[in-house]
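Trainee: Protein chains in written order, with my numbering: chain A, 1 to 249; chain B, 250 to 539; chain C, 540 to 1487.
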Amino acid sequence: MTQLPQSTDRKMGLVIDLDTCVGCHACVISCKGWNTENYGAPLSDQDAYGADPSGTFLNRVHSYEVQPAGGHAQLIHFPKSCLHCEDAPCVTVCPTGASYKRVEDGIVLVNESDCIGCGLCAWSCPYGARELDAAEGVMKKCTLCVDRIYNENLPEVDRVPSCVRTCPAGARHFGDLGDPNSDVSKLVAEREGMDLMHEMGTKPVNKYLPPRPKDQIEEQIDILAPLLAPVAEEPKGFLGWLDKALEKL
Amino acid sequence: MHPAPSVIIFTTLSGLGFGLLFFLGLGVPDVSGWVAFVFFLIAYALSVGGLMASTFHLGHPERAWKAFTQWRSSWLSREGWCAVIALIVMGLYALGVVFAGQRWSALGLLGAAFSLATVFTTSMIYTQLKTIPRWNMALTPAMFLSFSLAGGALLAGQTTVSIILLVVAATIQALYWWRGDTALARSGTDIGTATGLGSRGDVRAFEPPHTGTNYLLREFVHVVGRKHAEKLRIISFVLAFMAPVLFLLLPFSHAFAAVAVLSHIAGVATSRWLFFAQAEHVVGLYYGKR
Amino acid sequence: MIGSQAEKGAHLSQPVIDTSPKVSDEVRKTTCYMCACRCGINVHMKDGKVAYIEGNRDHPVNKGVLCAKGSAGIMQVNAPSRLRKPLRRVGPRGSGEFREIEWDEAISTAVGWLNELHETAPQKLAFFTGRDQSQSFTSFWAQNFGTPNYAAHGGFCSVNMAAGGIYTMGGAFWEFGQPDWDHTKLFMLFGVAEDHDSNPIKMGIGKIKARGARVIGVNPIRSGYNAVADDWVGITPGTDGLFILSLIHVLMKAGKIDLTYLGRYTNAPVLVNATDGPEKGLFLRDADGKPLVIDRVTGKPAAFDKPGVRPDLSATYDKDGVTHRPVFHLMAEKYLSDEHAPENVADRCGIPAQRIRAIAAEIARVAFDEAIELDHEWTDFRGEKHSKMTGRPVSFHAMRGISAHANGFQTCRALHVLQILLGTVEVPGGFRFKPPYPKPVEAHPTPHGDRRPGRPLEGPHLGFPRGPEDLLLDENGTAQRIDKAFTWENPMSAHGLMHMVISNAAAGDPYKIDTLFMYMANMSWNSSMNTKGVMEMLSAKTEDGKYVIPKIIYSDAYSSEMVAYADLILPDTTYLERHDCISLLDRPICEADAAADAIRWPVVEPDRDVRGFQSVLIELANRMSLPGFTNEDGTPKWKDYADYIVNHERKPGIGPLAGFRGEDGDKEGRGAVNPDQLTRYIDNGGFYVAHIPEGADYYKPWNTAYQDWAVSMGLYDSPQPYLFQLYSEPMRKFQLAAEGHGDRQPPEHLRKRLKDTMDPLPIWYETDQQGNEGFTVNALTQRPMAMYHSWGTQNAWLRQLHGRNPLYVPTKLMREHRLEDGDWAKVTSPHGEITVPVMEMAALNDNTVWTWNAIGKRKGAWALQEDAPEATKGFLLNHLIHELLPPKGDGMRWANSDPITGQAAWFDLKVKLEKAAPPSDAQSQPEFDPIQSPVGTGPKDLAWKVGK
């Protein structure tokens, strides 16, 4: 399965709203919890209570400061997991076929029993979406919760990735990005959703909604009349205004 | 990239080994019997030893055989096939040369071709990676092939050819370093495209997603000081090319030849250390590294 | 387009995976305890073990979502730092040397210490609880023990926030109320910290962001919620009040205030005595004590709540030579003054005047030009019917940043006054209370501190003083409480002063105590200012070699730093192994549309010899036969906490849980005890919700439908309509005393301060800068969202996110001090110094540094290895903060706290920054000796998969 399918029936993926993500790491830990207990080997932690704790996570939240040419610096929280690329280099480099992209929904998965842990797929991924589990010696990555989204043991409303279900701010959206009429596709169109490292040609399925423009209030709001025109300059005048205003009520 | 000893040993030794096999396949030097046996032994020790070393970094070496399945798309799989074919063909060829006194030259040529192909496929494992602009250059396979050939010629005891190939390899090495140093900048990928935020202003990595380390940082982010790297480049260049050429230019002696070979190996290993250690993976951009 | 042969072939060769694996054997629904949100959680069980935790979709608080801490609960339940057995100290205090004992010995030891105190001198027990979520129970225990010395951690956390709100409008932010997320069009968030009510706030911000509504953040630090704010106001710490009063100035001056609302629902029209004398500043009241207003219909004074009355905001009233002016006149006088003009506050606030005006204009535009109306009929308390509910869709919220200053109480009041002037409280699109709020001061108790050996206190410890008569002072003027709450030093200290308990006890001021009993309060580390000093006080000895604080009992589930300083440890369970109730009698989990409460229940049984602390308290009470815990025949009323939750009645028909009351479980709010109540809660997902009827859901303080519903629910005994207190008469009473009126007089040295700070209308004042010469940089702390309020950073997953903390330094100071990321800086305050690593932050007030709080750990605590980054690189800013201000040379030490409430003013910290060489061991300074871990250290590696 090292070869990529020419196209997939659906393009399931995430839309991440950088305008709304508050950087709380809820998605990170929910993912860790679900995927430790479910698909494949648990996400292990080394030196868990020691000097150099380091574990496998499939989703991590970075943060960046952006300094615009004028005005205040901005802080942007930036969750990142597998983008389930249409042209996924991690699939084609895999020597054993362990890494594959599903035809039915485009999810990129690792078949752990075929994985030799060579790491080449992680080398080929520009996004840092794959981590070799130090305990199990196999490559771990976001499964888009393939064991949740179709899971008949879960109520239908819960058949979304655990990160989406748990996100308190609603900054993560899940759906079929191959269907132009899906909610996620409309959101991407409306908010000008973007690709990460477009130049890599990986054609990520996951999209990022850019932060809205910030710190515009002084340009947008007229601080004089009519909003803030003083009713009177002196306190006495104010009481006169008050009497008149009360009459009108 | 993390300069893992296993991959440095692998690419250095197997490059030499397959380089020597290439020359042996061409019938250079024209040896037979026990002398040939020793040459083949050296070549197999280097190439097989290198291949063995490469399995040390696998999470599951016992499944390595599965790597033969994806030759249609995976350079690593192709490398596996080429190496096995080269070793089998050259093995048969060697049987002829050593034990039967026969030189099945068609077989030798085929083996030589697969030996070079093995080196080429190895280099393509690195070259194909857009994520590492320093590797993603035509100079990468040129460098691997020229190193392999120069080393092979050296081991094959071909003084003149060695000198020529060492000069060629040295030139390619210099070109590789020169172009490599600007490869990331020329790639068009930076923290702005990585985050999609570049159009809004200067982007700077703030708090990392975790305060400790992780697989990505261990594997992909290795910072070598510029001065340290320059020093290592000079050492590598002197050991891999200048010293061997010098020794080859001196009146021939086995001792000098041995010193030239050892110096070359040390130089190539140093170059390979730099090949990995200096390679910037674009994932580092997300962590604000480089 | 799709489905070529090749692909079909490929499809077939894909591995077959099970996309419907069994998720769990069983889901047990309980309540999270990782912070004060108290979200509903689904605990997925496999083979009797906790396999996975997710949010409960039906739960009123989190509606399915869950934060990082909540999902990491599984690592809290298996944490190696869990205490395993009761402990008796064998080494010196602070060493961490213990021997394990049996529960029998633990209980009888505690009873041996406590019973004598109960019978002879109950005040010699100081019982203080930290992250306690059972305060209505723990206070009941303390009340029945008879000690006046009880409080939880509110005094150093949030009392300004809570008391400022209650005194002004009968409720506050956080657990008391929330913005109307569904209707608000402009949301303005004040203050550092991104914690209290964290999931609801994240959900709310997500909602309004999805609508494209504007969020304005006022916070020196642009992290978290401020990072997603459309506009960021990087204000100078401690000047929020100044900024708010300037907004009030601009809005009032432009007439952009809601006169109808002010006239009907606030004390703006209430008449205030304006003639010098002992009554000056007090309300004119009728014979029933009701404040009077001038009725615009008759032009005559009338009780504020008289049916049909139209209160006049402008008319004055003269009677017997005494002039009475409406509160609104006093406000106009004060706030229209030029001292509040944006130009005159801009520099101090660090906000350009233009920006202040722009924000005021936007507030005015949204409040008045974008007003909304809901077609909900309602009747107000004066009997007037309204066909619509008018909403001014501007909402405000604040975090503790604005309150942890010595001017925090007045700042919180100022913010509420701003909301009220705009008419945005309890209206659609504005700020809404959550039951049992609104609840005016009059419906809250006053404080009680009498001490009568062997008998219970006459009422609850904590309350809201109405005037000097409610202070807890002995006849000679000394404090009745060990923390000196409710004294002239901090008259309105409604949450007590936990941060003063240890230093006062160590100093024997106002008196010596015998036993310090604490629960989940890490006082020897991150929960104290002056951490090193507190450690010394806890282990200080008298000349005869005895400890100054003779006995310390401590209960915690984990091996926290405080464990090492106790003589007797009562190990608690984790939150998944216990019964609890999140009660309407306490700090409930209600939403603006509903009253709600919840339980915890043991979804797993402890695998160690530990017991839920509340059940242990009941056992102690039973062994001592404490009054409220004992039947008339001398038998105990309750055997454990679960028994108490179900069978305790605070008043007839009203118990800890409001749901499923009555013999058949069909009553809510009021009803007889239901023996099956806990089962019903468990079957219902661990919680109960009673929805507020439509038409009763806004204008709650004045809406008869709401008032009647609240009575039926048992929230009030009778309808309690009231006016918002723009002008606070209780404060004026303290001020009058300071001016020399009345019997109860403050000590001379406090007179001026009381006069200055107890202004009945919100003011802003510069906090005491004595001793701060040369210390010019503000230093703040907050906890990361992934750790806020969670008990310890030993969590194996969370500590990977935040395993150490740098000092964040603004770009300007980085350049000035030639610092680069990873360099070290020495940070000095008038009290102490630390040497710590720095990191640049551009989105930060130019003159403010900050760090994540409570990441730093002491070596040996929390079952972490001694070289854990928390213990080597992590650090506390607490070392720089003292509970007292630097000496002024007047022979007295003044508390570093708000002079009104006593709230610890840890955000007033000022420091000096210098580049430093890295410490020789590359560890943050100061370092402390390791404590011996009573539980060893955690395992090396983890791969926590429960299922097969």
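For glycine and all other residues, C-beta sits at the position ideal for the given N, C-alpha and C.
1) Report the option in C:840, C:813 and C:1468 whose CA atom is closest to the CA atom of residue 1410 (chain C).
2) So that I know if they touch, is there some Cβ in chain C lying closer than 8 Å to that of residue 186 (chain A)?
3) Any chance you could list the alpha helix (DSSP H) runs of at least 4 consecutive residues sitting entirely within the stretch 437-490 of chain B, in chain order?
4) Taking only beta-carbon positions, decide if residue 62 (chain A) is within less than 8 Å of chain B.
5) Please confirm whether residue 198 (chain A) has its beta-carbon closer than 8 Å to some beta-carbon of chain B.
6) Are three or more beta carbon pairs between the stretch 377-391 of chain B and the stretch 442-459 of chain B nearer than 8 Å?
7) At which residues does the alpha helix (DSSP H) containing residue 953 (chain C) begin and terminate?
8) Judging by CA-CA distance, which residue of C:1273, C:1125, C:1065 and C:1295 is the nearest neighbour of residue 577 (chain C)?
9) Measure the C-alpha to C-alpha separation of residue 956 (chain C) and residue 1297 (chain C) and round it to an integer number of angstroms.
10) Could you pull out every residue in the same chain whose Cβ sits closer than 6 Å to the Cβ of residue 603 (chain C), ignoring the five residues on either side in sequence?
11) Using the beta-carbon of each residue, which ones in chain C are nearer than 8 Å to residue 461 (chain B)?
12) For residue 1445 (chain C), would you say it is in contact with chain A, using Cβ-to-Cβ distances shorter than 8 Å as the test?
13) Give every residue of the same chain whose Cβ lies closer than 6 Å to the Cβ of residue 1011 (chain C), excluding the five residues on either side of it in the sequence, and list them in chain order.
14) Exposed or buried, what is residue 507 (chain B) when buried is set at 16 or more other beta-carbons lying within 10 Å of its beta-carbon?
15) Taking Cβ positions, are residue 1452 (chain C) and residue 1356 (chain C) nearer each other than 8 Å?
16) Could you run through the stretch 845-861 of chain C and flag, in chain order, every residue whose CB is less than 8 Å away from some CB of chain A?
17) Look up residue 223 (chain A) in the DSSP assignment and say whether it is helix, strand or coil.
18) Nearest chain A C-beta to residue 591 (chain C) closer than 8 Å, yes or no?
19) Could you check what DSSP says for residue 1193 (chain C) in three-state terms: helix, strand or coil?
20) 8 Å is my cut-off, CB to CB: does residue 76 (chain A) come that close to chain B?
21) For residue 925 (chain C), count neighbouring C-beta atoms within 10 Å of its own C-beta (all shown protein chains included) and say buried if the count is 16 or more, exposed if not.
22) Output the distance between the C-alpha atoms of residue 931 (chain C) and residue 876 (chain C), rounded to the nearest integer angstrom.
23) Since residue 317 (chain B) meets chain C, which of its residues come closer than 9 Å, beta carbon to beta carbon?
24) Can you tell me which of the three DSSP states residue 1025 (chain C) falls into?
25) Apart from the five residues on each side of it in sequence, which residues of its chain come closer than 7 Å, Cβ to Cβ, to residue 124 (chain A)?
26) According to DSSP, simplified to helix, strand and coil, what is residue 1143 (chain C)?
27) In chain order, what residues of the same chain lie with their CB nearer than 8 Å to the CB of residue 1081 (chain C), ignoring the 5 residues before and after it?
28) In whole angstroms, what separates the C-alpha of residue 103 (chain A) from that of residue 558 (chain C)?
29) Taking the Cβ atom as the reference point for each residue, do residue 1260 (chain C) and residue 1240 (chain C) lie within a distance shorter than 8 Å?
30) List, in chain order, every chain C residue whose beta-carbon is nearer than 7 Å to that of residue 130 (chain A).
31) Just reading off the alpha helix (DSSP H) that residue 1222 (chain C) is part of, what are its end residues?
32) Examine chain A for any beta-carbon lying closer than 8 Å to the beta-carbon of residue 738 (chain C), and answer yes or no.
33) Look up residue 1045 (chain C) in the DSSP assignment and give the residues it is bridged to.
34) Taking the Cβ atom as the reference point for each residue, do residue 462 (chain B) and residue 54 (chain A) lie within a distance shorter than 8 Å?
35) For chain A, check one thing: does any of its Cβ atoms lie closer than 8 Å to the Cβ of residue 374 (chain B)?
36) Just to confirm the assignment, what range does the alpha helix (DSSP H) spanning residue 1074 (chain C) have?
Mentor: On the basis of the supplied data:
1) Minimum Cα distance to residue 1410 (chain C) is reached at C:1468.
2) Closer than 8 Å: no.
3) Runs of alpha helix (DSSP H) with 4 or more residues, each lying fully within the stretch 437-490 of chain B, are found at 440-444, 464-469 and 475-486, listed in chain order.
4) Chain B has a Cβ within less than 8 Å of the Cβ of residue 62 (chain A).
5) Yes, its Cβ sits closer than 8 Å to a Cβ of chain B.
6) Taking 8 Å as the limit for Cβ pairs, the verdict is that the stretch 442-459 of chain B does not touch the stretch 377-391 of chain B.
7) Counting along the chain, the unbroken alpha helix (DSSP H) around residue 953 (chain C) starts and ends at 947-960.
8) Out of C:1273, C:1125, C:1065 and C:1295, the CA that lies nearest to the CA of residue 577 (chain C) is found in C:1125.
9) CA-CA distance, residue 956 (chain C) to residue 1297 (chain C), rounds to 16 Å.
10) Once the five neighbours on either side are set aside, the close Cβ partners of residue 603 (chain C) are 594 and 596.
11) Those are 1339, 1342 and 1408, listed as they occur along chain C.
12) Chain A places no beta carbon closer than 8 Å to that of residue 1445 (chain C), leaving this residue out of the contacts.
13) Sequence-distant partners of residue 1011 (chain C) (beyond 5 residues in either direction) whose C-beta falls short of 6 Å from its own C-beta, in its chain, are 986, 988, 1019, 1020 and 1025.
14) Counting every other CB atom within 10 Å of its CB across the protein chains shown gives residue 507 (chain B) a total below 16, marking it as exposed.
15) Contact flag set, yes.
16) For chain A, the residues of the stretch 845-861 of chain C that bring a beta carbon within less than 8 Å of one of its beta carbons are 851, 852 and 853, in chain order.
17) Residue 223 (chain A): coil per DSSP, three-state reduction.
18) At least one chain A Cβ lies under 8 Å of residue 591 (chain C).
19) Looking at residue 1193 (chain C) - three-state DSSP - the assignment turns out to be strand.
20) At least one chain B Cβ lies under 8 Å of residue 76 (chain A).
21) Exposed is the label assigned to residue 925 (chain C), since fewer than 16 other Cβ atoms lie within 10 Å of its Cβ.
22) One C-alpha to the other measures close to 26 Å.
23) Chain C residues near residue 317 (chain B): none, gap ~16 Å exceeds 9 Å.
24) In the three-state reduction of the DSSP assignment, residue 1025 (chain C) falls in the coil class.
25) Counting only Cβ-Cβ distances below 7 Å, and skipping sequence neighbours, we find 89, 90 and 93.
26) Three-state DSSP puts residue 1143 (chain C) in coil, outside helix and strand.
27) If we look at residue 1081 (chain C) and ignore the five residues flanking it on each side, its Cβ neighbours are 1087.
28) Rounded to whole angstroms, residue 103 (chain A) to residue 558 (chain C) spans 15 Å at the Cα level.
29) Yes.
30) Ordered by position in chain C, no residue passes the 7 Å Cβ test against residue 130 (chain A), which lies about 18 Å from the chain.
31) Run containing residue 1222 (chain C): 1216-1222, per the alpha helix (DSSP H) assignment.
32) Taking Cβ atoms only, chain A reaches closer than 8 Å to residue 738 (chain C), which makes this a yes.
33) Answer is none; residue 1045 (chain C) lacks a bridge partner.
34) A distance below 8 Å separates the beta carbons of residue 462 (chain B) and residue 54 (chain A).
35) At a cut-off of 8 Å, the C-beta of residue 374 (chain B) has a neighbouring C-beta in chain A.
36) Taken as a continuous stretch (DSSP letters only), the alpha helix (DSSP H) holding residue 1074 (chain C) covers 1070-1078.
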